[in-house]
Amino acid sequence: MNIPIYLDNNATTPMDPRVLEAMIPYFTQKFGNAASRNHPFGWVAEEGVDYAREQVAKLIGASEKEIIFTSGATESDNLAIKGVFEMYKEKGNHIITTVTEHKAVLDACKHVEKMGGKVTYLPVQEDGLLDLALLEAAMTNETILVSVMYGNNEIGVIQPIKEISAIAHKYGALFMTDAVQAVGKIPVDVNKDGIDLLALSAHKFYGPKGVGALYVRRKGPRVIVTAQMDGGGHERGMRSGTLNVPGIVGLGKAAELCMLEMESEAKRLSALRDKLQAGLTVLEESYVNGNVEHRLPHVANISFKYVEGEGLMMAMKDLAVSSGSACTSASLEPSYVLKSLGLSDDLAHSSIRFGLGRFTTEEEVDYAIEVTKTAVTNLRNMSPLWEMFKEGIDLDSIEWAEH
Amino acid sequence: MAYSDKVIDHYTNPRNVGTLDKSSHKVGTGLVGAPECGDVMRLQIEVGDDNIITDAKFKTFGCGSAIASSSLATEWLKGKSIDDAMKIDNMDIVEELALPPVKIHCSVLAEDAIKAAINDFRVKNGMEAIESEKAHH
Numbered sequence: 001m002n003i004p005i006y007l008d009n010n011a012t013t014p015m016d017p018r019v020l021e022a023m024i025p026y027f028t029q030k031f032g033n034a035a036s037r038n039h040p041f042g043w044v045a046e047e048g049v050d051y052a053r054e055q056v057a058k059l060i061g062a063s064e065k066e067i068i069f070t071s072g073a074t075e076s077d078n079l080a081i082k083g084v085f086e087m088y089k090e091k092g093n094h095i096i097t098t099v100t101e102h103k104a105v106l107d108a109c110k111h112v113e114k115m116g117g118k119v120t121y122l123p124v125q126e127d128g129l130l131d132l133a134l135l136e137a138a139m140t141n142e143t144i145l146v147s148v149m150y151g152n153n154e155i156g157v158i159q160p161i162k163e164i165s166a167i168a169h170k171y172g173a174l175f176m177t178d179a180v181q182a183v184g185k186i187p188v189d190v191n192k193d194g195i196d197l198l199a200l201s202a203h204k205f206y207g208p209k210g211v212g213a214l215y216v217r218r219k220g221p222r223v224i225v226t227a228q229m230d231g232g233g234h235e236r237g238m239r240s241g242t243l244n245v246p247g248i249v250g251l252g253k254a255a256e257l258c259m260l261e262m263e264s265e266a267k268r269l270s271a272l273r274d275k276l277q278a279g280l281t282v283l284e285e286s287y288v289n290g291n292v293e294h295r296l297p298h299v300a301n302i303s304f305k306y307v308e309g310e311g312l313m314m315a316m317k318d319l320a321v322s323s324g325s326a327c328t329s330a331s332l333e334p335s336y337v338l339k340s341l342g343l344s345d346d347l348a349h350s351s352i353r354f355g356l357g358r359f360t361t362e363e364e365v366d367y368a369i370e371v372t373k374t375a376v377t378n379l380r381n382m383s384p385l386w387e388m389f390k391e392g393i394d395l396d397s398i399e400w401a402e403h
Numbered sequence: 404m405a406y407s408d409k410v411i412d413h414y415t416n417p418r419n420v421g422t423l424d425k426s427s428h429k430v431g432t433g434l435v436g437a438p439e440c441g442d443v444m445r446l447q448i449e450v451g452d453d454n455i456i457t458d459a460k461f462k463t464f465g466c467g468s469a470i471a472s473s474s475l476a477t478e479w480l481k482g483k484s485i486d487d488a489m490k491i492d493n494m495d496i497v498e499e500l501a502l503p504p505v506k507i508h509c510s511v512l513a514e515d516a517i518k519a520a521i522n523d524f525r526v527k528n529g530m531e532a533i534e535s536e537k538a539h540h
């Protein structure tokens, strides 16, 4: 077992060595520009790209013509939201999304507002799921796009995508999903799920950083997004720029491996995650954040009341995890995702996200349980709030000096 | 963000964690911060007849820098007169622990806790509370 143990697979994943192996020839021998049509160097590179396009398409049940390669999911989200708005604003100027989206979606929506669009940011329920009735009530005949993430990056909650897309389509709107955390981890099928646009990123599923894709539906309906960069008209005119051939080959290989191993891997990871969660929630005053049934198999977000997340992570220095604590951000604000579940600030400050991955072993999980339990216990012994709680003092009755 | 060696030292081996009898007239208690803000410090001093601090204890809910700041404060308090202790400035703590700008509020909180504990002791023993010249909040 190597220390520190990596349990932050929602932030990024290590690249699978099999992916690296597939990429290597495309740096030096097969270095051609995939857009060079008149010599073998270009053809070889293009072949690599075409094969990767098929591999990615297969993973999400799409056709290879519907895959637009990008630099990652932030670009895909931006291209989808701004591109749809620019293309369809004559039809309507309203976009609906949720407050728990990734910043790439939220900030792209804010940009749309600056361009004259209207955006509705729907709240979520206490378990993180979107209330479908609320969505339906927000739909207008001006609504051109509904954008709801597939699986949440902080709590792992999986939204009812099929039901959400059905509502969007009922009102003539397109449905887009940021599926960064879900693709490669659980079955995602653009046709069964009614998805018109989907953003994904290679480094979240054991591929390289700096490469991703946007799925853009071609049939029923045919969707077009306005390009956000001017240039050579690559990727069916929607995304100019010389293709990152090694990255794209890596993305394709990563997609293929996920497709092959998803079923067994999801089972293995959810068993490990459940073991971790069970091992940690034996601690008093520990709470699992978000819906536990509709959840990605590899994520557990747990608040340990009366200890502060960053302090806790420092005590768990053999584990690489992340926290919703304000102290981990420059803004000194705790996680907006956890707060939108109605979590009090002190519980948001006390949260730890455990993200398991392909290379996580049971031995590591057992070790993580022990390290975390010891750290929580030690810090509680040092916490004035824990002492007050144990003395039966109601912390809400104290007038705290906010600072 | 990497922590300084001194922060890590105080965090790993915190000095003077504990609780003094807050009902004793010799003990002054300062409780500052708020759970919503992610840090709460409780700092206690025990003062002898000559107004010299004989013992100091803390408990802190907060990040590593907050815990280190309060641990350091208790070390500095022991043996000081309550008048000298009142002069401890948050920037002294920043310097000693090499706190980055984003963690300065931890040192401010420690200074507030020291002053609150001394004032609690003063009021308990018939002295006036001393208003801080600095307005932190």
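Residue numbers (my numbering), protein chains in the order written: chain B, 1 to 403; chain S, 404 to 540. Beta carbons: idealized from backbone N, C-alpha and C, even for Gly.
What residue does the beta strand (DSSP E) around Tyr287/B start on, and which one ends it?
286-288 is the extent of the beta strand (DSSP E) around Tyr287/B.
I believe Leu48/B touches Val245/B by the beta-carbon criterion, under 8 angstroms. Please report the beta-carbon distance rounded to the nearest angstrom.
Looking at the sequence shown, residue 48/B is not Leu but Gly. About 6 angstroms separates the two Cβ atoms, so the contact holds.
For the alpha helix (DSSP H) that Gly431/S lies in, which residues bound it at each end?
No alpha helix (DSSP H) contains Gly431/S, which is instead part of the beta strand (DSSP E) from 430-437.
Classify Ser147/B as helix, strand or coil using the three-state DSSP reduction.
Ser147/B: strand per DSSP, three-state reduction.
Taking Ile485/S as the reference, which of Tyr406/S, Lys462/S, Val410/S, Lys429/S has the closest Cα?
Among Tyr406/S, Lys462/S, Val410/S, Lys429/S, the Cα nearest to that of Ile485/S is on Lys429/S.
Using the Cα positions of Gly241/B and Met23/B, report the straight-line distance between them to the nearest angstrom.
C-alpha separation (whole angstroms): 19 angstroms.
Quick check on the burial criterion: 16 or more other C-beta atoms within 10 angstroms. Buried or exposed for Asp193/B?
With 16 or more other Cβ atoms within 10 Å, it is buried.
Indicate whether at least one CB of chain B lies closer than 9 angstroms to the CB of His540/S.
At His540/S the pLDDT is 47, less than 50, meaning the model places this residue with poor confidence; the figure from the coordinates comes in the next sentence. So, interface residue.
Buried or exposed: Pro14/B, going by 16 or more other Cβ atoms within 10 Å of its Cβ?
Classification of Pro14/B: exposed, given that the 10 Å Cβ count is below 16.
Below 8 angstroms on C-beta distance, what does Pro384/B contact in chain S?
Within 8 angstroms Cβ-Cβ: Leu434, Val443, Met444, Arg445, Lys462, Thr463, Phe464.
Mind pulling the chain S residues with CB within less than 8 angstroms of Asp345/B?
The contacting residues are Pro438, Glu439, Cys440, Gly441.
Going by the beta-carbon positions, is the gap between Ala516/S and Gly433/S smaller than 9 angstroms?
Yes; because the gap between Cβ atoms is below 9 angstroms, this pair is in contact.
Kindly list the residues whose CB is nearer than 7 angstroms to the CB of Cys258/B, restricted to its own chain and excluding five residues on each side of it in sequence; keep chain order.
Taken in chain order, the residues that qualify are Leu59, Gly184, Phe205.
Tell me, which residues are paired with Gly355/B by DSSP?
Note: Gly355/B sits in a beta bridge opposite Asp8/B, Val299/B.
Which residues in chain S have a C-beta closer than 8 angstroms to the C-beta of Val307/B? List them in chain order.
Those are Phe464, listed as they occur along chain S.
For the region 304-316 of chain B and the region 264-279 of chain B, state whether three or more C-beta atom pairs, one from each stretch, are separated by less than 8 angstroms.
The region 304-316 of chain B is not in contact with the region 264-279 of chain B.
Mind the definition here: the region 220-227 of chain B touches the region 39-47 of chain B only if three or more C-beta pairs lie below 8 angstroms; say whether that holds.
Flag = no, the region 220-227 of chain B and the region 39-47 of chain B do not touch.
Relative to the alpha-carbon of Pro208/B, which residue among Thr374/B, Arg37/B, Ser71/B has its alpha-carbon at the smallest distance?
Ranking Thr374/B, Arg37/B, Ser71/B by Cα distance to Pro208/B puts Ser71/B first.
What are the boundary residues of the beta strand (DSSP E) that includes Phe175/B?
Here the beta strand (DSSP E) through Phe175/B covers 174-178.
Can you check which of these residues, Glu261/B, Glu46/B, Gly233/B, is closest to Ile248/B by C-alpha distance?
Nearest C-alpha to Ile248/B: Glu46/B.
Cα separation between Lys253/B and Ala202/B?
Each residue's Cα considered, the two are about 10 angstroms apart.
Under 6 angstroms Cβ to Cβ from Ser535/S, same chain only, skipping five residues before and after it: list those, please.
For Ser535/S, where only same-chain residues beyond five positions count, the Cβ hits under 6 angstroms are Lys518.
Checking contacts by CB at 9 angstroms: is Leu338/B closer than that to chain S?
By this cut-off, Leu338/B is not an interface position.
Below 9 angstroms on C-beta distance, what does Pro417/S contact in chain B?
Near Pro417/S (Cβ distances below 9 angstroms), the residues of chain B are Met382.
Give a yes or no on whether the minimum CB-CB distance between Val526/S and chain B is below 9 angstroms.
Closer than 9 angstroms: no.
Taking Asp189/B as the reference, which of Gly237/B, Ser63/B, Leu79/B has the closest Cα?
When only C-alpha atoms are compared, the closest one is Ser63/B.
What do you reckon, are the CB atoms on Ala513/S and Ile533/S nearer than 9 angstroms?
Not in contact: Ala513/S and Ile533/S (Cβ atoms no closer than 9 angstroms).
How close, in whole Å, do the beta carbons of Asn456/S and Ile448/S come, if the pair is a contact with beta carbons under 8 angstroms?
Note on residue identity: the sequence assigns Ile, not Asn, to residue 456/S. Right, the Cβ-Cβ distance comes to about 5 angstroms (below 8 angstroms), so this counts as a contact.
Since His94/B contacts Ile144/B with CB under 8 angstroms, what's their CB separation in whole angstroms?
Right, their Cβ atoms sit about 6 angstroms apart.
Which residue wins for smallest C-alpha separation from Val146/B, given the options Lys114/B, Cys109/B, Ala182/B?
Cα-wise, what sits closest to Val146/B is Cys109/B.
In this structure, how does DSSP classify Asp442/S when only helix, strand and coil are distinguished?
Strand at Asp442/S.
From the DSSP output, in three-state form, read off Ile627/S for me.
Here chain S comprises residues numbered 404 to 540, so residue 627/S is not present and cannot be evaluated.
Hey, Ala471/S and Leu500/S are a contact pair by Cβ (cut 8 angstroms); roughly how many whole angstroms apart?
Contact flag correct, Cβ pair sits at about 6 angstroms.
Kindly indicate which three-state DSSP category Ile158/B falls into: helix, strand or coil?
Here Ile158/B sits in strand by DSSP.
For Thr74/B versus Met149/B, is the C-beta spacing smaller than 9 angstroms?
No; because the gap between Cβ atoms is not below 9 angstroms, this pair is not in contact.
Cβ of Ile81/B less than 9 angstroms from any chain S Cβ?
Answer no: the Cβ-Cβ gap between Ile81/B and chain S never drops below 9 angstroms.
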